[in-house]
Amino acid sequence: MQLMPATAERFGVTDACDAVTNIDGGVRYLAWLTEKFGNPLLVAAAYNAGEGRVMEYGGVPPIFETVNYLATVVNYQMGIEIEPAGKATPTALSASPTSGAAPPSKAPVGGIIQATKPGEFVAGVMEF
């Protein structure tokens with residue numbers, strides 16, 4: 003797992019290259035974040051950007067890398083495949099042509115769905 007040196011030290015990871023202690027420390031860190039934030043999106047945001055940034059912004063920090071990371075995690079959990087920027091033009095999950103469903107629409111490039119309005123924080127979570 004990827005742990006910052008101070009976080010690794012805090013959770014007893016003395017050798018980040020030792021898979022057993024690294025994963026043990028990382029899992030304990032995720033459990034600690036879950037207890038602290040209680041929201042899986044905030045846990046993932048804190049793992050990516052640091053718990054201090056999540057607390058500073060009162061929710062998901064408006065950092066491109068973090069928002070993209072959350073989109074990637076959520077898309078993976080939902081089984082949605084979105085091509086990274088620079089690949090061939092992706093399409094949304096396609097319906098079978100015989101199903102009578104509408105043709106697939108263009109999916110967002112870069113792994114995130116663009117907001118149609120500026121993001122707002124609602125109950126500590128950025129709403130788009």
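Quick note: to get our numbering, add 2 to the position in the sequence shown (first position is 1).
For each residue, glycine too, the CB sits at the ideal point set by N, CA and C.
Note that this is a predicted model, so its numbers are computed, not measured.
(message) Quick check: the segment 37-47 against the segment 63-77, are at least 3 beta-carbon pairs closer than 8 Å?
(response) yes
(message) Can you tell me whether valine 15 is helix, strand or coil according to DSSP?
(response) Residue numbering aside, residue 15 sits at position 13 when the sequence shown is read from its first letter. Looking at valine 15 - three-state DSSP - the assignment turns out to be coil, as it is neither helix nor strand.
(request) Would you check if the distance between the CB atom of leucine 32 and the CB atom of glutamate 53 is smaller than 8 Å? (result) The sequence position of residue 32 within the sequence shown is 30, counting from 1. The sequence position of residue 53 within the sequence shown is 51, counting from 1. The answer is no: Cβ separation not under 8 Å.
(request) Taking leucine 72 as part of the alpha helix (DSSP H), name the residues at either end of that continuous run. (result) The residue given as residue 72 occupies position 70 in the sequence shown. Leucine 72 -> alpha helix (DSSP H) spans 66-80.
(request) For alanine 1, count neighbouring Cβ atoms within 10 angstroms of its own Cβ and tell me buried if that reaches 16, exposed if not. (result) Residue 1 is absent from the model: the chain starts at 3 and stops at 130.
(message) Quick check: proline 63 and alanine 51, are their CB atoms within less than 8 Å of each other?
(response) Taking the sequence shown and counting its residues from 1, the one referred to as residue 63 is at position 61. Taking the sequence shown and counting its residues from 1, the one referred to as residue 51 is at position 49. Closer than 8 Å, so yes.
(request) Measure the alpha-carbon distance for arginine 55 versus alanine 8 and round it to whole angstroms. (result) Locating residue 55 in the sequence shown gives position 53, where the first residue counts as 1. Locating residue 8 in the sequence shown gives position 6, where the first residue counts as 1. C-alpha separation (whole angstroms): 15 Å.
(message) Does glutamate 83 come out as helix, strand or coil in the three-state DSSP assignment?
(response) Working through the sequence shown from its first residue, we reach residue 83 at position 81. Three-state result, glutamate 83: coil.
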